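S.K.: With the numbering used here, letter number 7 in the sequence shown gets 0, and the count goes up by one each step, no holes. Just so you know, even glycine gets a beta-carbon here, dropped at the ideal spot from N, CA and C. Remember, it's a predicted structure, so these values are computed and weren't measured experimentally. Handing you this structure, nothing more for now.
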Amino acid sequence: LVDNQVGKIVNKLKQTKKYQNTIFVITSDQGFQLGEHGIWKKRCFYEQNVRVPFIISCPEKLPKAKVINQQIEMIDFLPTLLEICSLPIPQNIRGKSLINLIEGRTTRHRKAVFSEIDHSMSMYDELRNNSGRRVMVRTEKWKMEYFHDPRVKNKDGSLYNLIEDPGETQNLYKNPQNKSVIKMLEKLVIEWDRKSGLADQSG
-6 LVDNQVGKIV
4 NKLKQTKKYQ
14 NTIFVITSDQ
24 GFQLGEHGIW
34 KKRCFYEQNV
44 RVPFIISCPE
54 KLPKAKVINQ
64 QIEMIDFLPT
74 LLEICSLPIP
84 QNIRGKSLIN
94 LIEGRTTRHR
104 KAVFSEIDHS
114 MSMYDELRNN
124 SGRRVMVRTE
134 KWKMEYFHDP
144 RVKNKDGSLY
154 NLIEDPGETQ
164 NLYKNPQNKS
174 VIKMLEKLVI
184 EWDRKSGLAD
194 QSG
């Protein structure tokens, strides 16, 4: 469906001689679970939810058919778009332009990426009661999620080794051998909170 509809736009732009300098972006706000892990819809941090398509094309300015296997965040889209358009990127934008990555001037974009949801604001009672802000941190190897909220005593953590267990079937959070990994990932979350101005809220 997406291919067909985008194809119609591409054909029209080619007819009007505007194709070469048009920027195309195909993405989504989040994924959607259809029974994976026994869950329907979203509101958790399995890969089916947090990974989204991101296809960007500008025939006049970007390389064609290049695939990049690096972690990015959706906040990176705005500064990327501004740079493609040769517009200044405001200093207070938290995202990082992807142009250096796309053009091969760097091979590493982010050490870790983050996602969050505050279940205390949910429309569903079963998620809202005795709950709070839940955070996910993901590196190339590890993914951890937990309640990062002083209102919630039980962190209810999950930890997955994405290299050895890409299907996220083995929760390693309570394994004593992973204490140093958990501490390292929690430190990344605290640093991320500090940069985003949320540290005072989350403790």
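Are there three or more Cβ pairs, one per stretch, closer than 8 Å when the region 55 to 71 is compared with the region 24 to 38?
M.R.: As far as the Cβ criterion goes, the region 55 to 71 does not touch the region 24 to 38, which means the pair count is below three.
S.K.: For V130 and M177, what's the separation of their Cα atoms in angstroms?
M.R.: Here residue 130 corresponds to residue number 137 of the sequence shown, with the count starting at 1. Here residue 177 corresponds to residue number 184 of the sequence shown, with the count starting at 1. Each residue's Cα considered, the two are about 11 Å apart.
S.K.: Here's the rule I'm using: 16 or more other beta-carbon atoms within 10 Å means buried, otherwise exposed. How should R126 be labelled?
M.R.: The residue you call residue 126 lines up with position 133 of the sequence shown. Result: buried.
S.K.: Could you tell me if A58 is buried or exposed, where buried requires 16 or more neighbouring beta carbons within 10 angstroms of its beta carbon?
M.R.: Walking along the sequence shown from the start, residue 58 turns up at place 65. Per the 10 Å Cβ criterion, exposed.
S.K.: Classify I48 as helix, strand or coil using the three-state DSSP reduction.
M.R.: The residue labelled residue 48 in the question sits at position 55 within the sequence shown. In the structure shown, I48 sits in a strand (DSSP, three-state: E or B).
S.K.: Taking just the CA atoms, how far does R103 sit from V(-1)?
M.R.: Here residue -1 refers to the residue found at position 6 of the sequence shown. Here residue 103 refers to the residue found at position 110 of the sequence shown. Rounded to the nearest angstrom, the two C-alpha atoms are 30 Å apart.
S.K.: I'd like to check one pair, Y166 with I156: are the Cβ atoms closer than 8 Å?
M.R.: Taking the first residue of the sequence shown as position 1, residue 156 is located at position 163. Taking the first residue of the sequence shown as position 1, residue 166 is located at position 173. No, the pair does not count as a contact, with Cβ atoms beyond the cut-off.
S.K.: Out of curiosity, what's the CA-to-CA distance linking S113 and R121?
M.R.: The residue labelled residue 113 in the question sits at position 120 within the sequence shown. The residue labelled residue 121 in the question sits at position 128 within the sequence shown. Answer to the nearest angstrom: the Cα atoms are 4 Å apart.
S.K.: In whole angstroms, what is the alpha-carbon distance linking V18 and I61?
M.R.: Along the sequence shown, one-based indexing puts residue 18 at 25. Along the sequence shown, one-based indexing puts residue 61 at 68. Their backbone Cα atoms lie some 15 Å apart in a straight line.
S.K.: Taking a contact to mean a Cβ-Cβ separation below 8 Å, would you say I16 touches I77 in this structure?
M.R.: Numbered from 1 along the sequence shown, position 23 holds the residue referred to as residue 16. Numbered from 1 along the sequence shown, position 84 holds the residue referred to as residue 77. Closer than 8 Å, so yes.
S.K.: In whole angstroms, what separates the C-alpha of L55 from that of L74?
M.R.: Here residue 55 corresponds to residue number 62 of the sequence shown, with the count starting at 1. Here residue 74 corresponds to residue number 81 of the sequence shown, with the count starting at 1. For L55 and L74, the distance between alpha carbons rounds to 12 Å.
S.K.: By how many angstroms is the C-alpha of S50 removed from the C-alpha of Y12?
M.R.: Here residue 12 refers to the residue found at position 19 when the sequence shown is read from its first residue. Here residue 50 refers to the residue found at position 57 when the sequence shown is read from its first residue. Using only the alpha carbons, I get a separation of about 11 Å.
S.K.: In three-state terms, what does DSSP make of F38?
M.R.: The count along the sequence shown starts at 1 and reaches residue 38 at position 45. F38: coil per DSSP, three-state reduction.
S.K.: What three-state label does DSSP hand D158 in the structure shown?
M.R.: Residue 158 sits at position 165 when you count from the first residue of the sequence shown. Three-state DSSP puts D158 in coil, outside helix and strand.
S.K.: Could you give the distance in angstroms between the alpha-carbon of N147 and the alpha-carbon of L91?
M.R.: Here residue 147 corresponds to residue number 154 of the sequence shown, with the count starting at 1. Here residue 91 corresponds to residue number 98 of the sequence shown, with the count starting at 1. Cα-Cα distance, rounded: 37 Å.
S.K.: Just how far apart, CA to CA, sit Q8 and N(-3)?
M.R.: Walking along the sequence shown from the start, residue 8 turns up at place 15. Walking along the sequence shown from the start, residue -3 turns up at place 4. Roughly 17 Å between the two C-alpha positions.
S.K.: Can you name the start and end residues of the beta strand (DSSP E) that K136 belongs to?
M.R.: In the sequence shown, counting from the first residue as 1, residue 136 sits at position 143. First-last of the beta strand (DSSP E) with K136: W135 to F140.
S.K.: Only counting the same chain, and skipping five residues up and downstream in sequence, which positions put a Cβ closer than 6 Å to that of I198?
M.R.: This structure cannot speak to residue 198, because the chain is shown only from -6 to 196.
S.K.: Use the C-beta contact count for E138: other C-beta atoms within 10 angstroms, 16 or more gives buried, fewer gives exposed.
M.R.: Working through the sequence shown from its first residue, we reach residue 138 at position 145. Classification for E138: buried.
S.K.: How far does the alpha helix (DSSP H) with I19 in it reach, from first residue to last?
M.R.: Translated into the one-based positions of the sequence shown, residue 19 becomes position 26. Taken as a continuous stretch (DSSP letters only), I19 belongs to no alpha helix (DSSP H), being part of the beta strand (DSSP E) at F17 to T20.
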